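Visitor:
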Amino acid sequence: MRSGFNLNQILSGKIAAGVEIIFAENGEQKFNLSILQEEKSKLEIINAGKSFSELEILKKELDADIPINLVFNGRGLIHKMVQVDDGDNDTTLLQKVFPNAKSDDFYFEKEHSGNGSARVSVLRKDKVDEILEAFKKMGLFVVSLSFGPFGLNRIQHLLSTASGSDYSINVGPYQLQYAEGKLRSFESGESTATEQVSIGGELISQEAVIPFAAAFGYLFSGIAKEPVSSAIIISNREEFTQKRIFKMAGWGVLGFFLVALMANFFLFSYYSSINQDLDSRAFMGRDQITHLSTLKKDVESKEALLQKTGLLKTSRTSLYADKIAQSVPRSIVLTGMSINPANKRMDEKQAPVFSTGEIILIGKSSKSTQLNEWVKALKSQEWVAEVVVEDYSSTGRGASGEFVIGITIE
């Protein structure tokens, strides 16, 4: 139903609620609700015709993502057709409706009729602000405010009773007369709320028509204007717009990352396919395949041997070897280090047997005391289970002694 690119319409969203508030003579309030949603260029009525006696009950039908368009009717609201003279402004027009009234005490709505007159509607600010604050405390956003049934002109093309530029609209107790698309007169009689009204070929209750028009006007005029000027409404509109921008930006960021991930996936799949093709070409040829098979068997045989000897078990002996090398005193020279040494001599037919978890150190020491201190230092290491000096020999006094030390790892 919308055409072209309109930023205001995008920010206003595709769902809106119209709420008519009727002030009864006994002081009670009645709330009529209509919720509309634009879905694939079609307008769907989500909720229409429900009436509520309390705002708290109405709240259950709404949430913070649905902009609310209020229409006030009933006791305390004054409508009047007045003559517009040169130099008239909002203040002078208000005086024609309500002599001696202060403009700061009233909300004011006007509609020019095109024949030198205008329809003026006024309602006390404190009465309206009380309702607006109640909605705000419930976390709901009221984004437009209007008075009376005059918003019905927004949907005159959908009403079966209105056609052309001269027409009348009869809804509920209201009879509105239009000429050349301008309001000429209005009357309020007895309610015919039991009858249904055809809007765009769909029948809805009379109680739903005015809030329907308010929601429709919001969806298809955007958030750039409101019938009644109010600081609270302007603040609500700005806050709701910022919330929409933040939410849309969030979805945009998520969409960007989704596209990036999809692109990454397709690139990965593409290059993976190329890689597989290159791999298959690399292994083409009978000789290469035969050679590969031979190598594989050889590897499996050696791997089985290593598994049997225990050399593939997780080990930190290389780390411990580094620590041993770093701890060697200056008076000691290491000439050999055997990690996981073989238990005995082997011939080609025997499987090797290794002492896993052991380190054999071979070296020379100019001082036996230094050797003893080093052995003590090695024993103090938390990863050492046992240190044994397996052999020590010296050619004479003052000569270096040769040693063999065995270390068992925890």
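Residue numbers (my numbering): 49 to 458.
C-beta: ideal position from N, C-alpha, C; glycine also.
As the structure is a prediction and not an experimental result, all values here were calculated from the model.
Does the beta-carbon distance from residue 151 to residue 138 come in below 8 Å?
Guide: Along the sequence shown, one-based indexing puts residue 151 at 103. Along the sequence shown, one-based indexing puts residue 138 at 90. In this structure, residue 138 lies closer than 8 Å to residue 151 by Cβ.
Visitor: What do you reckon, are the CB atoms on residue 413 and residue 386 nearer than 8 Å?
Guide: Along the sequence shown, one-based indexing puts residue 413 at 365. Along the sequence shown, one-based indexing puts residue 386 at 338. Not a contact, by the Cβ cut-off of 8 Å.
Visitor: What would DSSP say about residue 383, mapped onto helix, strand or coil?
Guide: In the sequence shown, the residue the question calls residue 383 occupies position 335. Residue 383 falls in the strand class under three-state DSSP.
Visitor: Going by CA-CA distance only, name the one from 114, 439, 302 that's closest to residue 263.
Guide: Sequence index remark: in the sequence shown, residue 263 carries index 215 (1-based). The candidate whose alpha carbon is nearest that of residue 263 is 114.
Visitor: Buried or exposed, going by whether 16 or more other CB atoms sit within 10 Å of the CB of residue 24?
Guide: Residue 24 lies beyond the stretch modelled for the chain, which goes from 49 to 458, so this question has no answer here.
Visitor: Any idea if residue 384 is buried or exposed, counting beta-carbon neighbours within 10 angstroms, 16 or more meaning buried?
Guide: Position 336 of the sequence shown, counted from the start, is the residue given in the question as residue 384. Its Cβ having fewer than 16 others within 10 Å, residue 384 is exposed.
Visitor: Over the uninterrupted alpha helix (DSSP H) stretch that includes residue 90, give me the two end residues.
Guide: Here residue 90 is taken as the residue at index 42 of the sequence shown, counted from 1. Premise fails: residue 90 lies in the beta strand (DSSP E), 90–100, not in any alpha helix (DSSP H).
Visitor: Identify, in the order they occur along the chain, each residue of the same chain with its Cβ nearer than 7 Å to the Cβ of residue 124, setting aside the five sequence neighbours on each side.
Guide: Position 76 of the sequence shown holds residue 124. Only 71, 171, 172, 175 meet the Cβ criterion.
Visitor: Give a yes or no on contact between the segment 283–291 and the segment 88–98, applying the rule of three or more CB pairs nearer than 8 Å.
Guide: Not touching, per the Cβ criterion.
Visitor: Can you tell me which of 234, 226, 219 puts its alpha carbon nearest to the alpha carbon of residue 243?
Guide: By one-based count along the sequence shown, residue 243 stands at place 195. Of 234, 226, 219, the residue nearest in Cα terms is 219.
Visitor: For residue 79 versus residue 103, is the C-beta spacing smaller than 8 Å?
Guide: By one-based count along the sequence shown, residue 79 stands at place 31. By one-based count along the sequence shown, residue 103 stands at place 55. Contact flag set, yes.
Visitor: If the criterion is Cβ atoms closer than 8 Å, does the pair residue 3 and residue 81 meet it?
Guide: Not covered by the structure: residue 3. The range shown for the chain is 49 to 458.
Visitor: Whole-angstrom Cβ separation of residue 157 and residue 195, contact assumed at under 8 Å?
Guide: As a first step, residue 157 is located in the sequence shown; it is residue number 109 there, counting from the start. As a first step, residue 195 is located in the sequence shown; it is residue number 147 there, counting from the start. So it is a contact: roughly 5 Å between Cβ atoms.
Visitor: Leaving out the 5 sequence neighbours to the left and right, which residues in its chain are closer than 6 Å to residue 427 when beta-carbon positions are compared?
Guide: Reading the sequence shown from its first residue, position 379 is the one you call residue 427. Hits under 6 Å: 435.
Visitor: Would the segment 294–305 count as touching the segment 195–204 if we require 3 or more Cβ pairs under 8 Å?
Guide: Short answer: they don't touch.
Visitor: State the beta-bridge partners of residue 256 as determined by DSSP.
Guide: Counted from its first residue, the sequence shown places residue 256 at position 208. Answer by DSSP bridge pairing: none, since residue 256 is not bridged.
Visitor: Checking 8 Å against the spacing of the C-beta atoms, do residue 88 and residue 162 come in under that value?
Guide: By one-based count along the sequence shown, residue 88 stands at place 40. By one-based count along the sequence shown, residue 162 stands at place 114. Not a contact, by the Cβ cut-off of 8 Å.
Visitor: Can you have a look at residue 438 and say buried or exposed, based on whether 16 or more other CB atoms are within 10 angstroms of its CB?
Guide: Residue 438 sits at position 390 when you count from the first residue of the sequence shown. Under this definition residue 438 is an exposed residue.
Visitor: Could you check if residue 167 is buried or exposed, using at least 16 other CB atoms within 10 Å of its CB as the buried criterion?
Guide: Position 119 of the sequence shown holds residue 167. Burial call: buried.
Visitor: Helix or strand or just coil, what does DSSP make of residue 3?
Guide: For the chain, the structure presents residues 49 to 458; residue 3 sits outside this window and is missing.
Visitor: Among 433, 315, 451, 421, which residue has its Cα nearest to the Cα of residue 458?
Guide: Sequence index remark: in the sequence shown, residue 458 carries index 410 (1-based). When only C-alpha atoms are compared, the closest one is 433.
Visitor: Sort 165, 153, 221, 159 by Cα distance to residue 177 and report the nearest one.
Guide: By 1-based counting over the sequence shown, the position of residue 177 is 129. For the residues 165, 153, 221, 159, the minimum Cα distance to residue 177 belongs to 153.
Visitor: Which residue wins for smallest C-alpha separation from residue 96, given the options 64, 165, 111, 73?
Guide: For the purposes of this step, residue 96 is taken as the residue at position 48 of the sequence shown. Ranking the options by Cα distance to residue 96, first place goes to 64.
Visitor: Do residue 191 and residue 281 have their C-beta atoms within less than 8 Å of each other?
Guide: Translated into the one-based positions of the sequence shown, residue 191 becomes position 143. Translated into the one-based positions of the sequence shown, residue 281 becomes position 233. Cβ distance < 8 Å, so residue 191 and residue 281 count as in contact.
Visitor: Ignoring anything shorter than 4 residues, give me the alpha helix (DSSP H) runs that lie fully in the segment 112–146, in order along the chain.
Guide: Segments of the alpha helix (DSSP H) lying fully in the segment 112–146: 138–145.
Visitor: Terminal residues of the continuous beta strand (DSSP E) containing residue 457?
Guide: For the purposes of this step, residue 457 is taken as the residue at position 409 of the sequence shown. First-last of the beta strand (DSSP E) with residue 457: 449–457.
Visitor: What span of residues does the beta strand (DSSP E) with residue 80 cover, start to end?
Guide: On the sequence shown, position 32 is the one that residue 80 refers to. Element bounds for residue 80: 77–87.
Visitor: For the alpha helix (DSSP H) that residue 183 lies in, which residues bound it at each end?
Guide: In the sequence shown, the residue the question calls residue 183 occupies position 135. Note, residue 183: alpha helix (DSSP H), 173–185.
Visitor: Just list the residues that DSSP pairs residue 158 with in beta bridges.
Guide: Numbered from 1 along the sequence shown, position 110 holds the residue referred to as residue 158. In the DSSP output, where bridge partners are listed per residue, residue 158 has 168.
Visitor: Closer than 8 Å by C-beta to residue 146: which residues in its own chain qualify, once you throw out the five before and the five after it? Chain order, please.
Guide: To locate residue 146, count along the sequence shown from 1; it is residue 98. Excluding positions up to five away in sequence, the list reads 126, 154, 170.
Visitor: Can you give me the Cβ contacts of residue 441 inside the same chain, cut-off strictly under 7 Å, excluding the 5 residues immediately before and after it?
Guide: The sequence position of residue 441 within the sequence shown is 393, counting from 1. Result list for residue 441: 449, 450, in chain order.
Visitor: How far does the alpha helix (DSSP H) with residue 107 in it extend, from its first residue to its last?
Guide: For this step, residue 107 is matched to residue 59 along the sequence shown. Taken as a continuous stretch (DSSP letters only), the alpha helix (DSSP H) holding residue 107 covers 103–107.
Visitor: Label residue 285 either buried or exposed according to how many other C-beta atoms from any shown protein chain fall within 10 Å of its C-beta, with 16 as the threshold for buried.
Guide: One-based indexing of the sequence shown puts residue 285 at position 237. Result: buried.
Visitor: By the DSSP assignment, the alpha helix (DSSP H) with residue 418 in it spans what residues?
Guide: Counted from its first residue, the sequence shown places residue 418 at position 370. Its alpha helix (DSSP H) spans residues 416–427.
Visitor: In chain order, what residues of the same chain lie with their CB nearer than 7 Å to the CB of residue 323, ignoring the 5 residues before and after it?
Guide: Walking along the sequence shown from the start, residue 323 turns up at place 275. Excluding residues within five positions, none has a Cβ falling inside 7 Å.
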